[in-house]
Amino acid sequence: MSASEDAQLVAQIKAGDLKAFEALYHKYKGPIFRTALAITRDQGAAEDVLQDCFLRVYLHIHKVDGSVPLSPWLHRIAVNLSYNWAAKQRLRWIPLEEVMDRLRASSPLSPERTAERVELQQIVQEAINSLDFKQRVVLILFYLQGFSLAEIAYILDCPVGTVKSRLHYGRENLRRKLQRDERLSGELAYEFT
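Position one of the sequence shown corresponds to residue 1035 (the working numbering), numbered consecutively onward.
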């Protein structure tokens, strides 16, 4: 579905078409849920964020400009709701189960290689969880959700330069943490440096 199709859905929703709202929900529920889950690290909270996000969309659809992409706007709502939840819970870390899934090889591995991958996933997870909260969010939005720097700046309501800085320092900090980890050696270390 393209931006023009999104614009058409928005127009239909504004006219009261609930099937169009359902189509919009089904299009974006996966990415919005994954973003919320990555920030909250709580499936129930991510489901709540998803529902709250689309409730806000429905209540404020009259304010939506159909000529601009919806995805960054929806993610901005989800990120803000997730931040609010995290602040209430006093949580300042982000899980990256999706990163771990990407590390899994697409072809069957030997038992030794599988054990190495499991250990590697644990090491990377620990390193990512130890990063600054704001750096983790930018890394998730950039690498896992595929947003551009400008879109991330919009979602996080900060300048593009701030996004670039967080991305740069997040990568550098992750690289340093992985290079210092004594459990990473040989070819595994080279995958992340």
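Cβ coordinates follow ideal geometry from the N, Cα and C atoms, glycine included. All values derive from a computational prediction rather than experimental measurement.
> Just the Cα atoms here: how many angstroms apart are residue 1052 and residue 1181?
Replying inline: 28 Å
> Once you ignore the five residues that flank residue 1037 on each side, which residues in its own chain have a CB closer than 6 Å to its CB?
Replying inline: 1103
> Just checking my contact of residue 1063 with residue 1084 at CB under 8 Å: how many whole Å lie between their CB atoms?
Replying inline: 6 Å
> Considering only residues of the region 1065-1105, which uninterrupted alpha helix (DSSP H) runs meet the minimum length of 4 residues and lie entirely inside it, listed in chain order?
Replying inline: Whole alpha helix (DSSP H) segments, 4+ residues: 1077-1093.
> Under the rule that 16 or more other beta-carbon atoms within 10 Å means buried, what is residue 1099, buried or exposed?
Replying inline: exposed
>> Using a Cβ-Cβ cutoff of less than 7 Å, which residues in the same chain neighbour residue 1183 once the five nearest sequence positions on both sides are dropped?
In response: 1194, 1197 and 1198
>> Check this for me: beta carbons of residue 1165 and residue 1208, under 8 Å apart or not?
In response: yes
> Is the shortest distance between the beta-carbon of residue 1102 and the beta-carbons of chain C less than 8 Å?
Replying inline: In summary, chain C is missing from the structure at hand, where a single protein chain is found.
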